[in-house]
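What follows is a set of notes on a single structure, which appears directly below.
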Amino acid sequence: MPARTFSPDALRQIRRDRGVSQRKLAISVGLHTTAVSHYETGYRRPDVETLATIADVLGAAMDDFVQAVAA
Numbered sequence: 000m001p002a003r004t005f006s007p008d009a010l011r012q013i014r015r016d017r018g019v020s021q022r023k024l025a026i027s028v029g030l031h032t033t034a035v036s037h038y039e040t041g042y043r044r045p046d047v048e049t050l051a052t053i054a055d056v057l058g059a060a061m062d063d064f065v066q067a068v069a070a
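Spelled out as structure tokens, the structure:
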């Protein structure tokens, strides 16, 4: 089974598809806007609890934010 990792591109795309700004997402999740920006650029990765909250706010499944990677 391939390993799975957080996908910054998926977060960006889902957020944009839902019409949510980085600022609005950050406020809804209790983060600074910079944190959301860092997640979307791949500079940082959210922990599991934060990703679960982001998924809930955006009405998505956590699996929507991960991608398979070659081992």
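Position one of the sequence shown corresponds to residue 0 (numbering that gives the first Met the number 0), numbered consecutively onward. Every residue gets a Cβ at the ideal spot worked out from N, C-alpha and C, and that includes glycine. Please read these numbers as outputs of a predicted model, since none were measured by experiment.
- Residue environment for Glu39: buried (at least 16 other C-beta atoms within 10 angstroms of its C-beta).
- DSSP lists Ala67 as the bridge partner or partners of Arg3.
- Going by beta carbons, Leu57 and Arg17 fall inside the 8 Å limit.
- Annotation: Thr4 to Leu10 spans about 12 Å, alpha carbon to alpha carbon.
- Shown here for Arg22: same chain residues with a beta carbon closer than 6 Å to its own, the five before and five after excluded, namely Thr32 in chain order.
- Burial is judged here by how many other beta carbons sit within 10 angstroms of a residue's own beta carbon; Val47 has fewer than 16 and is exposed.
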